[in-house]
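These notes concern the structure reproduced below.
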Ligand SMILES: Cc1cc2nc3c(=O)[nH]c(=O)nc-3n(C[C@H](O)[C@H](O)[C@H](O)COP(=O)(O)O)c2cc1C
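Numbering (my numbering), first residue to last: 359 to 496.
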């Protein structure tokens with residue numbers, strides 16, 4: 359799974375550096391295009407908002423985005439990491455995790471587990487669900 363991430367002041371970069379995933383793409387302008395399944399990690403800006411470049415990236419690549427996660431700061435109370443909630447609702451994909459700043463070890467573990475579950479679910483899906491009415495063998 360490709361990890362596409364956006365960072366303004368470096369916290370999300372530091373979080374991504376702690377991940378075991380090799381394939382990562384930094385969203386800089388929002389004009390980046392991907393051609394494979396990906397998870398987006400964003401920071402939260404404004405008053406609980408999704409950064410502009412992330413919104414543009416999401417619009418361009420929405421068919422490839424399988425899940426999202428967001429960084430924030432708990433000082434923002436109810437708006438903590440709200441970019442993740444908004445983006446997941448807009449795209450109709452799961453919100454995998456919300457973490458503070460660059461995240462702690464526990465945040466890394468939670469996020470990694472969620473991505474691995476997504477990848478596994480994807481590989482177990484029938485190739486054409488409209489022609490398969492039988493439960494899938496495991
Ligand atoms: C102008 C500004 C607005 C922010 N608004 C929020 C917010 O609404 N909710 C939140 O949880 N964090 C908010 N934050 C905190 C950042 O999302 C947080 O520091 C994040 O880790 C930044 O990631 P980055 O260093 O990768 O850019 C804001 C930070 C700035 C500078």
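Where a beta carbon is used, it is the ideal one built from N, C-alpha and C, also for glycine.
Note that this is a predicted model, so its numbers are computed, not measured.
Residue i: CB within 6 Å of a non-hydrogen atom of ligand 1
i	result
residue 412	no
residue 406	yes
residue 367	yes
residue 466	no
residue 430	yes
residue 438	yes
residue 462	no
For residue i, three-class secondary structure by DSSP
i	result
residue 457	strand
residue 383	strand
residue 390	coil
Backbone CA spacing between residue i and residue j [nearest angstrom]
i	j	result
residue 399	residue 364	6 Å
residue 422	residue 430	24 Å
residue 473	residue 403	24 Å
residue 418	residue 389	8 Å
residue 359	residue 381	7 Å
residue 461	residue 442	15 Å
residue 387	residue 401	14 Å
residue 482	residue 375	29 Å
residue 367	residue 384	13 Å
Residue i - partner residues in DSSP beta bridges
i	result
residue 399	363 and 427
Contacts around residue i, its chain only, beta-carbon distance under 8 Å, and the 5 residues preceding and following it disregarded
i	result
residue 432	438 and 458
Close beta carbons around residue i, own chain, < 7 Å, minus the five adjacent residues each side
i	result
residue 470	377 and 378
Close-in-space but distant-in-sequence residues of the same chain around residue i (CB under 6 Å, 5 per side omitted)
i	result
residue 447	none
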